[in-house]
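Following: one structure in structure tokens, then a few remarks.
Residue numbers (UniProt numbering): 1 to 388.
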């Protein structure tokens, strides 16, 4: 809810809410607590603003119990029971209560009500946004801007949003909200600096007062770390299992590309192997573009491979191109053993590489070293067998 309802309805609501809150603080039983849910449903019907409910609640607490104590924590449960029925911007409220109290204390000195509202929304740990009936994001809080990297100065962000990765799925979820009134889902997004993140999105349709068009209010929560841990663990296990039975270097690279595509957002894997004597190295590629010779590689990539021969084995080093300073184009690593095999993991888009990305690639390279060593021994034995 973003609009305040009729003043008479608000006054009646606040008066009855005060009576119900006092009754709950006196009895503290389930029946009195359940009344809060009915107030939430009533707030939806009468278009009572969430912020009016919260402000009224804390004014009442100052009157009922000026000194902080157990009454405030008990009263908070009644407030949450009321807000739960609204199902907008209440997730994570318990975790954000402390931050809200601190923000409210600072907001008491603000002269204008709009400043308090903005401070409250920006205190939410989750990203908060409002979209119009065409899907354009027209308002956001600071957490939303931080998660996606797109500042409020760029509003409105029209559909399709610039951070979308899977536009088809996003369009399906948008249709779901239009027909069902709400949607909860997880989706990948592209931060403005280029790195890939995952967010949990919750959207609700709200009919604006005096309008026949819906607006959409929702939250986004960064779940990249949660998904990354599971994806990395799974990728390492699958890679270790798959490469152990690979019979060629090209097969090893294809398996690596598939496992790294999701976990690290890799679009191409290139392996370069130098011969024992002088001569051009051989090139194996999985992904596009699929160059097949040393001379066909991009000159910058050739320089990267030559420079990698001097770095320590099993270390992943981010590489920047001159046209995208501050953002890595990919990672280069030298396999263990002799320094005659180097690996290039090319990212889907230039971005900042995290310490977690480098750790994962280092672990994967360790398995790849064993796998490629195994494959080269197998190929050598096969050539010897054919010669005999």
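Ideal placement from N, C-alpha and C gives every residue a C-beta, glycine not left out.
Three-state secondary structure (DSSP) of residue i
| i | result |
| --- | --- |
| residue 139 | strand |
| residue 94 | Annotation note: pLDDT 46 at residue 94 (below 50); position unreliable, coordinate value reported separately. It is helical. |
| residue 150 | coil |
| residue 52 | helix |
| residue 331 | strand |
| residue 304 | helix |
| residue 223 | coil |
| residue 299 | helix |
| residue 28 | coil |
| residue 46 | helix |
| residue 40 | helix |
| residue 194 | coil |
| residue 270 | strand |
| residue 284 | strand |
| residue 158 | coil |
| residue 181 | coil |
| residue 369 | helix |
| residue 214 | strand |
| residue 314 | coil |
| residue 326 | coil |
| residue 384 | helix |
| residue 8 | helix |
| residue 202 | strand |
| residue 341 | strand |
Alpha-carbon to alpha-carbon, residue j and residue i
| i | j | result |
| --- | --- | --- |
| residue 329 | residue 302 | 14 Å |
| residue 304 | residue 372 | 21 Å |
| residue 247 | residue 144 | 47 Å |
| residue 94 | residue 308 | Unreliable placement is indicated for residue 94, whose pLDDT of 46 sits below 50; the coordinate value is still reported in the next sentence. When rounded, the distance between both Cα atoms is 50 Å. |
| residue 77 | residue 288 | 56 Å |
| residue 185 | residue 340 | 46 Å |
| residue 111 | residue 55 | Here residue 111 scores only 46 on pLDDT, less than 50, and its place in the model is too uncertain to base an answer on. |
| residue 27 | residue 206 | 35 Å |
| residue 192 | residue 21 | 45 Å |
| residue 381 | residue 202 | 57 Å |
| residue 178 | residue 200 | 19 Å |
| residue 367 | residue 359 | 13 Å |
| residue 176 | residue 225 | 27 Å |
| residue 16 | residue 39 | 9 Å |
| residue 254 | residue 172 | 31 Å |
| residue 239 | residue 181 | 42 Å |
| residue 139 | residue 158 | 12 Å |
| residue 335 | residue 50 | 58 Å |
| residue 30 | residue 14 | 21 Å |
| residue 375 | residue 326 | 37 Å |
| residue 320 | residue 300 | 10 Å |
| residue 241 | residue 256 | 11 Å |
| residue 317 | residue 174 | 40 Å |
| residue 258 | residue 236 | 12 Å |
| residue 190 | residue 233 | 23 Å |
| residue 324 | residue 297 | 19 Å |
| residue 80 | residue 290 | 57 Å |
When the options are compared against residue i, the one with the closest alpha-carbon
| i | options | result |
| --- | --- | --- |
| residue 364 | 327, 148, 333 | 333 |
| residue 315 | 288, 345, 137 | 345 |
| residue 273 | 343, 265, 22, 72 | 343 |
| residue 355 | 283, 50, 369, 264 | 264 |
| residue 295 | 227, 281, 14 | 281 |
| residue 269 | 279, 255, 383, 285 | 285 |
| residue 134 | 374, 366, 40, 215 | 215 |
| residue 32 | 74, 230, 335 | 74 |
| residue 212 | 369, 132, 146 | 132 |
| residue 183 | 189, 169, 279 | 169 |
| residue 152 | 172, 159, 129 | 129 |
| residue 127 | 357, 299, 57, 147 | 147 |
| residue 18 | 50, 385, 58, 42 | 58 |
CB of residue i within 9 Å of CB of residue j, strictly
| i | j | result |
| --- | --- | --- |
| residue 48 | residue 9 | yes |
| residue 283 | residue 331 | no |
| residue 71 | residue 25 | yes |
| residue 260 | residue 266 | yes |
| residue 43 | residue 35 | no |
| residue 160 | residue 137 | no |
| residue 313 | residue 369 | yes |
| residue 82 | residue 64 | no |
| residue 249 | residue 271 | yes |
>> Using a Cβ distance threshold of 8 Å, determine whether the region 214-223 contacts the region 346-365, with at least three qualifying pairs required.
In response: no
> Between the region 163-172 and the region 183-197, do three or more beta carbon pairs fall short of 8 Å?
Replying inline: yes
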